[in-house]
Amino acid sequence: MKKILFVLLIPALILLLFMHPDVIASGCSHGLHLWYTAVLPSLLPFMIASGLLIRTGLFRYLNPVYAPLLKKLFRISEDGCYAVLLGFLCGFPMGAKVIADLVREKHISAEEGSYLLGFCNNVSPAFFFNYVCLLKLGYPSVPWKLVLLFYSLPVLYGLASRPFYHFPQTGRTQKQASVHRMDFPMLDACIMDGFSTITRLGGYIMLFTIFVHFLKLLPLSGLLPALISSFLEISCGIDQLSEAVAVPVWRTALVCVCAAFGGLCICAQTQSVLTGTPLSVRTWLRGRITIALVLLLLLLSFPPAVTEAAASALPGYW
Numbered sequence: 021m022k023k024i025l026f027v028l029l030i031p032a033l034i035l036l037l038f039m040h041p042d043v044i045a046s047g048c049s050h051g052l053h054l055w056y057t058a059v060l061p062s063l064l065p066f067m068i069a070s071g072l073l074i075r076t077g078l079f080r081y082l083n084p085v086y087a088p089l090l091k092k093l094f095r096i097s098e099d100g101c102y103a104v105l106l107g108f109l110c111g112f113p114m115g116a117k118v119i120a121d122l123v124r125e126k127h128i129s130a131e132e133g134s135y136l137l138g139f140c141n142n143v144s145p146a147f148f149f150n151y152v153c154l155l156k157l158g159y160p161s162v163p164w165k166l167v168l169l170f171y172s173l174p175v176l177y178g179l180a181s182r183p184f185y186h187f188p189q190t191g192r193t194q195k196q197a198s199v200h201r202m203d204f205p206m207l208d209a210c211i212m213d214g215f216s217t218i219t220r221l222g223g224y225i226m227l228f229t230i231f232v233h234f235l236k237l238l239p240l241s242g243l244l245p246a247l248i249s250s251f252l253e254i255s256c257g258i259d260q261l262s263e264a265v266a267v268p269v270w271r272t273a274l275v276c277v278c279a280a281f282g283g284l285c286i287c288a289q290t291q292s293v294l295t296g297t298p299l300s301v302r303t304w305l306r307g308r309i310t311i312a313l314v315l316l317l318l319l320l321s322f323p324p325a326v327t328e329a330a331a332s333a334l335p336g337y338w
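Adding 20 to a residue's 1-based position in the sequence shown gives its number in this note's numbering.
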């Protein structure tokens with residue numbers, strides 16, 4: 021059945037390429053602009069720097085700052101704490117790449133990496149503050165209660181899923197705690213790895229943006245195009261949902277759920293950075309779906325406003 025669908029899908033896509041070159045061009049332009057102006061400058065430096073820190077082992081010098089708390093909270097190794105830090109601060113799919121790099125370099129076990137993958141690959145706070153809350157939802161200032169809820173759910177998911185994983189908290193590879201000297205071959209390898217990864221991410225962004233643009237050719241109306249777009253690509257989905265949904269409560273809920281899930285484009289990017297490791301993207305996808313559904317239920321269950329002042333000041337109920 022899959023082979024039949026594949027055989028039918030490829031000719032259909034090729035036919036669309038020839039019939040609607042303008043849609044392909046606009047989708048490519050939009051996707052490449054998004055990649056060049058937002059993804060490349062925000063992720064590439066972190067990818068190169070993180071690669072160097074992991075290969076040399078220098079990231080361990082950062083552990084005393086945050087590892088004592090995270091190690092006790094999640095019952096993970098000190099090296100795994102580095103993945104928690106970057107997974108919450110740097111955004112999709114940096115958390116998954118750091119976890120994959122730690123597993124490849126044998127700093128953490130595959131079991132610990134699988135556990136961390138379920139909750140340590142999130143949208144970055146900078147993106148959520150600036151693009152989601154201030155630009156698209158129109159909040160006059162950062163809604164800290166919403167932010168707290170948004171980022172506490174992955175933490176709670178990590179705590180709830182910990183009993184299902186069995187690995188030593190001290191890690192199995194502490195014998196590799198020595199620091200390796202950085203040299204130019206290592207630097208070259210980290211730079212090439214960073215550019216290879218960021219180029220693949222750009223390809224996925226461009227591809228899924230084209231899919232979003234093709235939705236304009238379908239006889240869809242109402243909220244459906246925005247919902248499909250949010251399922252495909254996070255930036256396009258948030259942009260369309262913020263314009264298509266008129267009710268503030270639903271607009272806030274659906275936009276935040278889109279940001280929490282990430283879309284199939286982020287799923288493909290995550291699968292890409294996990295290549296060569298025993299880690300499965302299904303672990304990440306299971307966590308994303310669970311977190312997104314719980315977030316939707318919570319946002320729609322709370323009263324329309326926390327206080328009268330908040331209700332009058334903010335476009336949503338947070």
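Even for Gly, the Cβ is constructed at its ideal location relative to N, Cα and C.
Asked: Just reading off the alpha helix (DSSP H) that A288 is part of, what are its end residues?; Found: 283–293
Asked: Using the Cβ count rule (16 or more neighbours within 10 Å means buried), how would you classify M114?; Found: buried
Asked: Within 10 angstroms of its Cβ, does L179 collect 16 or more other Cβ (buried), or is it exposed?; Found: exposed
Asked: Can you list the alpha helix (DSSP H) stretches of 4 or more residues lying completely in the segment 145–188, in chain order?; Found: 164–181
Asked: For N83, does the three-state DSSP call read helix, strand or coil?; Found: helix
Asked: Would you give the residue range spanned by the alpha helix (DSSP H) that H233 belongs to?; Found: 204–234
Asked: Please determine if the segment 303–322 and the segment 272–281 are in contact, where contact requires at least 3 C-beta pairs separated by less than 8 Å.; Found: yes
Asked: Considering Cα atoms alone, identify which of A69, I119, L240 is closest to V301.; Found: I119
Asked: Check whether the segment 261–281 touches the segment 98–108, taking contact to mean three or more Cβ pairs, one atom from each stretch, closer than 8 Å.; Found: no
Asked: Following the continuous alpha helix (DSSP H) through L305, name the residue where it begins and the one where it ends.; Found: 301–321
Asked: DSSP three-state call for L136: helix, strand or coil?; Found: helix
Asked: Taking 7 Å as the CB-CB cut-off, is C153 touching chain E?; Found: No chain E is part of this structure, which consists of one protein chain only.
Asked: Hey, how far is the Cα of G214 from the Cα of I68?; Found: 5 Å
Asked: Based on Cα-Cα distance, which residue from L122, A209, I74 lies nearest to T297?; Found: L122
Asked: Can the beta-carbon of Q289 be found less than 7 Å from the beta-carbon of Y185?; Found: no
Asked: Give the DSSP-derived three-state secondary structure of T297 in the structure shown.; Found: coil
Asked: Buried or exposed: where does S49 fall if 16 or more other Cβ atoms within 10 Å of its Cβ makes it buried?; Found: exposed
Asked: Spatial neighbours of L72 within its chain, please: CB distance less than 8 Å, with the 5 preceding and 5 following residues excluded, ordered by chain position.; Found: L78, M202, M206, L207, C210
Asked: Our contact map puts R4 next to Y135 with C-beta atoms below 8 Å; I'd like the distance itself, whole angstroms only.; Found: The question about residue 4 has no answer here: the residues shown for the chain are numbered 21 through 338.
Asked: Within 10 angstroms of its Cβ, does L166 collect 16 or more other Cβ (buried), or is it exposed?; Found: buried
Asked: Taking the alpha helix (DSSP H) that T76 belongs to, which residues open and close that run?; Found: 60–76
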